[in-house]
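This report concerns only the one structure given below.
2 protein chains.
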Amino acid sequence: MNTVGDLGEFGLIRRLARVLPTTPAVLEGIGDDCAVLRYADRLLLVSSDLFVEDVHFRRSMMGPEEIGWKAAAAAISDVAAMGGAPLFSLVSLACEGGTDVAFVESVYRGMANVFSQYGGVIVGGDTSRCTGPMVLDVTVIGEVSGNRCLRRRGALPGDVIAVTGYPGLSAAGLDALERGKDQAELTQRHRWPRPRIREGQWLCARPEVHAMLDTSDGLVQDAEHIAEASGLGIDIESARVPIAPILARHCEEYGLDAQALILTGGEDYELAFTMGAENHEETLRALNNEFRTVVTVVGRCTDEWTGVRVDGREPDVGGFDHFLNRDE
Amino acid sequence: MNTVGDLGEFGLIRRLARVLPTTPAVLEGIGDDCAVLRYADRLLLVSSDLFVEDVHFRRSMMGPEEIGWKAAAAAISDVAAMGGAPLFSLVSLACEGGTDVAFVESVYRGMANVFSQYGGVIVGGDTSRCTGPMVLDVTVIGEVSGNRCLRRRGALPGDVIAVTGYPGLSAAGLDALERGKDQAELTQRHRWPRPRIREGQWLCARPEVHAMLDTSDGLVQDAEHIAEASGLGIDIESARVPIAPILARHCEEYGLDAQALILTGGEDYELAFTMGAENHEETLRALNNEFRTVVTVVGRCTDEWTGVRVDGREPDVGGFDHFLNRDE
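Chains as they are written, first to last, in our numbering: chain G, 21 to 348; chain L, 21 to 348.
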């Protein structure tokens, strides 16, 4: 017997995609951050994101508003990843009958706060009793203005790859929380991630930007998604990946490998994108001027090989998979 | 502390609706079968439906294709309930890492079969590990042709209320399964419910039809949803509610109360609708001619009181609530 744990989340998704038929209105189906649908001469982006207790969050470490915020932020980050804006959301909640109503209300308030800040509104969903851990499923319907969205495929040889923000901050924040060190500056990117809706829309309007996703599985693995979808290789220069000072200090204090954290730490919900190398500094400077968002080139695309290398070598680091059986 | 079990599913939904803001594009938000959204001069219907192991299904009684079929059928029945047709679906699955991949593939095949039969296509979703029971969340995006949909509100005093099919058949089928009596004719409406997409669209095109929903909580409780949303009373004449011969035989064999079953048995996914009394027989005959679907008037709407009565009296029977704490 082959279990879903043996296969991992991405393996399972590939298998399921083979079972499911598609239609011409589905411009992008299973496999990217959102499905892209042609509807009424517009491009709809739709995506669902599960947020499962003891897999994606622990109640001992996050309050209900934080749980709601993070679930919704992660969901609309998928819309940001394609250059769109959220319009509507459906939320489904399965939890035990003994759950405090005030707790559930706070979870929904946390979600509503994300939508009121980034656009969109919760219009429905479902609730059910469940004898196991709390399960939230946040579906987002968004759209891109114009008729262009950015996908994982589309990266070209010679492109640079850049990321917003500081990779690994969310993972460092989680590590701090696990050590009982709740220092807001370090833990806020883990507990209150900020989807890059405006930056994503801005990048989508630039024809020199070729491919994009949001970083949820760790930089190396996220780069692998782009490399695989685009059929090329991405070489990450580890020395160029920015290290947040607070992350460096945390790693020093506890003897952690900062390099591993910035290459594999998941759940950052930053944007990673590729663009033509020519004049790319100008575009990145303009992005930074517009939003005050840190953005850094961390590598380059090539057609000489496929997959992801770090400093020219196959990385011995994995990424983040919510399904895969691991020893940890 | 107030728990979600104390409040019940409908109480919880009312509480959550108060937390959540809305916008003018949301013509119908939380509380009906689907949310109704104005988008690009069309009316979108969107709905999510949870299907939770040991609450909505048991693996001992249903195979994986049946689980998938029923989850998807229940979800698109919400679109049928408003007179629309399904276009796209997102499916989220949380299950244990040890789950057989072949089992999961069969679940998705069951869902895909529903969509290929009734319209629509699965375009995405999410998967996650979960340490508890299997949780499926099926989101459906549909639309109505024309600019009209049928809601729970809109019923008028003097309207008759009619239902398609035979109420209680699903509950009788479940009872048979629990007794280990897997007789297809009796259990098929429980295991392979058929959403009334075409009948719903047909009814939606008739201006004399005023309100509609799909019967998922039991006839009395479903009628209560219409009565409450429309602000009137519905009197069900129990003698008019059709009893399927196979249901009658099953009840006789095991000493069950057929009346209770047809008034409170949930998960039928038939349509209940109200329409002007004038010439209603003609319309119902035309519906039957078109689809060969049994359709029966079971009561009448009044403005003399509110709520639901059965044969003029307050019913002492409840309905189906997946959350409510009960002694059973």
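Yeah, the Cβ is synthetic: ideal placement off N, Cα and C, and Gly gets one too. Predicted model only: the values in this text are computed from it and were never measured.
Item                                                                                                                                                                                           : Value
Which chain G residues sit within Cβ distance under 7 Å of L:Ala132?                                                                                                                           : Val39, Leu40, Pro41
Chain G partners of L:Arg62, CB-CB under 9 Å?                                                                                                                                                  : Tyr59, Ala60
Does the beta carbon of G:Phe77 come closer than 8 Å to any beta carbon on chain L?                                                                                                            : no
By alpha-carbon positions, which one of G:Arg149, G:Glu290, G:Glu73 ends up nearest to L:Val75?                                                                                                : G:Arg149
Please tell me whether L:Arg329 has its Cβ less than 8 Å away from any Cβ of chain G.                                                                                                          : no
Quick check: the Cα distance between G:Pro84 and G:Cys115, rounded to an integer number of angstroms?                                                                                          : 13 Å
Taking only beta-carbon atoms, is L:Thr284 less than 8 Å away from chain G?                                                                                                                    : no
Could I get the ranges of all uninterrupted alpha helix (DSSP H) runs contained in the segment 99-144 of chain G, with 4 residues as the minimum, in chain order?                              : 121-138
Please decide whether G:Cys321 counts as near chain L, where near means a Cβ-Cβ distance under 8 Å.                                                                                            : no
How many angstroms separate the CA atom of G:Ile217 from the CA atom of L:Val183?                                                                                                              : 46 Å
Answer yes if the segment 323-338 of chain L comes into contact with the segment 243-257 of chain L, meaning at least three C-beta pairs across the two stretches below 8 Å, and no otherwise. : yes
Nearest CA to the CA of G:Leu176: which residue from G:Ile87, G:Gly28, G:Val24, G:Cys321?                                                                                                      : G:Cys321
Here's a check: name, in chain order, each residue in its chain whose Cβ is nearer than 6 Å to the Cβ of G:Thr294, leaving out the five neighbours to either side.                             : Ala175, Asp179, Ile181, His230, Ala231, Cys321
Within the continuous alpha helix (DSSP H) that includes G:Arg269, where are the two ends?                                                                                                     : 265-274
Of all the options G:Met82, G:Ser109, G:Leu32, G:Ile87, which has the alpha carbon lying nearest to the alpha carbon of G:Leu64?                                                               : G:Ser109
Whole angstroms is fine: what's the gap from L:Leu8's alpha carbon to L:Ala93's?                                                                                                               : The displayed coordinates of chain L run from 21 to 348. Any statement about residue 8 of chain L would go beyond what the structure contains.
Need the endpoints of the beta strand (DSSP E) that L:Ala249 sits in, please.                                                                                                                  : First-last for L:Ala249: 239-250, but that is the alpha helix (DSSP H), not the beta strand (DSSP E).
Any idea what DSSP makes of G:Leu156, helix, strand or coil?                                                                                                                                   : strand
Helix, strand or coil for L:Val66? Go by DSSP, reduced to three states.                                                                                                                        : strand
Check the Cβ-Cβ distances between G:Ser112 and every residue of chain L, and say whether any is below 8 Å.                                                                                     : yes
Using alpha carbons as the reference points, say which of G:Val24, G:Cys224, G:Tyr186, G:Ile263 lies closest to G:Arg209.                                                                      : G:Tyr186
Measure from the C-beta of G:Cys224 to each C-beta in chain L and report whether the shortest distance is under 8 Å.                                                                           : no
Assuming L:Val134 and L:Ile96 make a contact with CB atoms under 8 Å, what is their CB distance in whole Å?                                                                                    : 7 Å
According to DSSP, is L:Glu298 part of a helix, a strand, or is it coil?                                                                                                                       : coil
Can you tell me where the alpha helix (DSSP H) holding L:Asp210 begins and where it ends?                                                                                                      : A small correction: the amino acid at residue 210 of chain L is His; Asp does not occupy that position in the sequence shown. Segment 204-211, the alpha helix (DSSP H) holding L:His210.
Does L:Gly220 come out as helix, strand or coil in the three-state DSSP assignment?                                                                                                            : helix
With 8 Å as the threshold, decide whether the Cβ of L:Leu304 is near any Cβ in chain G.                                                                                                        : no
Leaving out the 5 sequence neighbours to the left and right, which residues in its chain are closer than 7 Å to G:Cys224 when beta-carbon positions are compared?                              : Gly103, Val164, Arg168, Cys169, Leu170
L:Pro227: which of L:Gly51, L:Val66, L:Gly296, L:Gly238 sits nearest, CA to CA?                                                                                                                : L:Gly296
Could you check where the beta strand (DSSP E) with L:Val180 kicks off and where it finishes?                                                                                                  : 180-184
With 16 as the cutoff for other CB atoms within 10 Å, does L:Glu272 come out buried or exposed?                                                                                                : exposed
CA-CA distance, G:Trp222 and G:Leu307?                                                                                                                                                         : 8 Å
Is there a Cβ from chain L that is less than 8 Å from the Cβ of G:Thr316?                                                                                                                      : no
Would G:Gln203 be called buried (16 or more neighbouring beta carbons within 10 Å of its own) or exposed?                                                                                      : exposed
Taking Cβ positions only, does G:Tyr289 come closer than 8 Å to chain L?                                                                                                                       : no
State the Cα-Cα distance for the pair L:Pro215 and G:Glu302, rounded to the nearest angstrom.                                                                                                  : 56 Å
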